[in-house]
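Converting from the sequence shown to this note's numbering requires adding 38 to each position, the first position being numbered 1.
Just so you know, even glycine gets a beta-carbon here, dropped at the ideal spot from N, CA and C.
Computed from a predicted structure; not experimentally measured.
Take a look at the structure set out below.
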Amino acid sequence: MQRSRRSKRFPHYLSLTVLITIIALTFYLNYTSLKQSTNHSPLPVPQTLLPAPPPQPPATLKSTIAYAVSVTSCPNADMYQGASVLAHSIKLAHSQSTLHPHYKLYVFLHSKATLNPGNCEKFFASLNYDVKVVPTPIEISQVSDSNLREKLPTNGCCGERELIKFYAYTLTEHDVVVHLDLDTLVRRPMDDLFSRIKNGESDAFYTFDYNMVNPGKQPGVQGGFLVLRPEKKVFDDINQIVLTETFSAGKGWGGSGVGGFYGGMTFQGLVPYYYLIKQPNKGEEVNHCEYNNMVDNPRTKNGLCRTGEEQCEDCREKLLIDVFTIHYTICQKPWLCHSFSPSGGPPYSNLCGQFHEEWFRIRKDMEIENETWDDKLYSGNKYFGFCKGSGAKAYIAIEKKA
39 MQRSRRSKRF PHYLSLTVLI TIIALTFYLN YTSLKQSTNH SPLPVPQTLL
89 PAPPPQPPAT LKSTIAYAVS VTSCPNADMY QGASVLAHSI KLAHSQSTLH
139 PHYKLYVFLH SKATLNPGNC EKFFASLNYD VKVVPTPIEI SQVSDSNLRE
189 KLPTNGCCGE RELIKFYAYT LTEHDVVVHL DLDTLVRRPM DDLFSRIKNG
239 ESDAFYTFDY NMVNPGKQPG VQGGFLVLRP EKKVFDDINQ IVLTETFSAG
289 KGWGGSGVGG FYGGMTFQGL VPYYYLIKQP NKGEEVNHCE YNNMVDNPRT
339 KNGLCRTGEE QCEDCREKLL IDVFTIHYTI CQKPWLCHSF SPSGGPPYSN
389 LCGQFHEEWF RIRKDMEIEN ETWDDKLYSG NKYFGFCKGS GAKAYIAIEK
439 KA
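Given below as structure tokens:
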């Protein structure tokens with residue numbers, strides 16, 4: 039009996055089952071392989087689905103930190119060197135700040151400071167300083183104390199012209215003003231000081247110059263550094279002190295003992311007199327090894343701490359990374375191309391060498407940004423190529439902008 043052919047054929051439903059199983063298995067194997075190759079990481083979220091960062095508030099003058107310098111005589115060939123690198127150092131410092139990224143530069147130029155009218159204004163403006171030409175804020179003839187009236191014009195570096203530094207208090211469109219000398223360098227953002235002034239914790243920060251007096255005597259402030267809350271009343275109050283109060287070499291301002299040192303009749307003496315005597319607890323001294331570091335010796339020849347303390351910090355041993363601002367006084371100006379031995383030289387030699395190296399490093403960054411860096415001109419010289427040797431004549435100066 040012949041068997042039916044149909045009984046030998048593979049059932050349709052079994053073929054379909056096998057096909058589905060093969061497809062499912064293939065999908066599973068591909069998925070497992072993909073999962074292992076991505077190390078079990080989830081697929082990245084498309085950028086368009088991520089939340090946008092919060093927008094930065096627009097810069098206002100109130101939120102902008104003001105930096106001011108004062109110029110009592112002009113022209114000065116060294117002035118452009120200091121002003122250029124100082125401006126770039128401020129720019130670099132604020133680029134590191136998330137709290138206070140915005141800044142503005144000012145220069146108070148004494149109205150009688152220039153022999154060639156317009157030159158100082160022009161080159162400071164070319165460096166983005168807002169130029170403010172100002173007179174001496176008081177008239178010498180109106181000073182009531184005869185001793186002060188006679189000696190003020192020759193006191194300190196610049197006589198009564200030094201008083202133009204106090205115009206920093208008139209920049210009331212800002213919350214914070216920093217007044218610096220042109221031979222300074224800003225290395226790090228001073229956010230803590232700025233925030234404390236903005237929060238009302240202090241009205242001013244300064245450093246004392248302990249080298250100007252013997253231990254136990256009240257020193258003056260160092261004239262190259264002052265962080266302040268601008269207020270027109272303070273400007274007026276200080277001018278009134280000069281016009282109406284007494285001064286003597288032995289007893290200083292108003293018999294207080296503050297002011298009997300170099301520059302005591304002007305900025306160096308008036309700032310401590312105001313914040314220690316007239317308005318106590320409104321100002322505050324900051325660490326002079328961190329702010330306004332001059333690499334000075336903390337001890338007298340007899341080994342006494344100039345601060346009057348048993349133990350005192352030696353600014354010559356400060357690490358460069360911990361310094362906020364540098365003041366080139368003891369170390370001399372970088373554009374004089376000094377050579378410093380890291381070992382075997384004076385105690386200040388090592389850190390002074392680092393400070394000079396830092397000034398020239400920032401100058402190089404400025405030159406690269408301004409597209410004025412010249413590999414051929416600077417090749418083979420020391421200090422990033424800017425000194426052909428030692429001494430002022432070996433210095434390759436920054437060219438003034440047209």
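Quick one: what does DSSP say residue i is sitting in, helix, strand or coil?
i	result
Ala435	coil
Arg337	strand
Tyr313	helix
Cys38	Any property of residue 38 remains undetermined from this structure, which presents the chain solely from 39 to 440.
Ser108	strand
Arg354	helix
Gln260	strand
Val216	strand
His365	strand
Val280	helix
Val296	strand
Thr410	coil
Thr20	Because residue 20 is not part of the residues shown, which for the chain are 39 to 440, the question remains open.
Val251	coil
Ser79	Confidence in Ser79 is poor, its pLDDT being 38 and thus under 50, which makes the residue's placement too unreliable to answer from.
Cys158	helix
Judging by CA-CA distance, which residue of the options is the nearest neighbour of residue i?
i	options	result
Leu358	Gly391, Val107 and Gln349	Gly391
Trp373	Lys289, Ala430 and Phe146	Ala430
Val224	Ser184, Asp334, Leu308 and Ala131	Ala131
Val169	Glu177, Arg187, Ser149 and Val181	Ser149
Leu147	Tyr300, Pro173, Ile364 and Ser135	Pro173
Glu198	Ala435, Phe362, Glu355 and Pro175	Pro175
Ala121	Gly301, Phe204, Pro139 and Leu218	Leu218
Met332	Ser387, Asn319 and Tyr118	Ser387
Thr136	Asp229, Arg234, Gln306 and Gly321	Asp229
Compute the beta-carbon to beta-carbon distance between residue i and residue j, rounded to the nearest angstrom, for a pair I have assumed lies under 8 Å.
i	j	result
Gly423	Tyr416	3 Å
Met141	Tyr167	The sequence given here has Tyr at residue 141, not Met. Between Tyr167 and Tyr141 the Cβ distance is about 12 Å, and since that is not below 8 Å, they are no contact.
Glu188	Gly194	Not confirmed; about 15 Å, so no contact.
Can you check DSSP and say which residues form a bridge with residue i?
i	result
Glu322	Phe243
Lys170	Phe146
Cys343	Arg337
Ser286	Gly290
Lys420	Cys425
Tyr141	Ile103
Asn331	Ile364
Val224	Thr363
Leu266	Val215 and Ala242
(request) Count the C-beta pairs between the region 269-289 and the region 333-350 that are closer than 8 Å, then say yes if the count reaches three, no if not. (result) no
(message) Counting beta carbon pairs with one atom in the region 204-218 and one in the region 112-121, are three or more of them shorter than 8 Å?
(response) no
(message) Below 8 Å, how does it come out for the region 318-328 and the region 242-251: are there three or more Cβ pairs, yes or no?
(response) yes
(message) Assess contact between the region 399-415 and the region 376-386, defined as three or more Cβ pairs (one per stretch) separated by less than 8 Å. Is contact present?
(response) no
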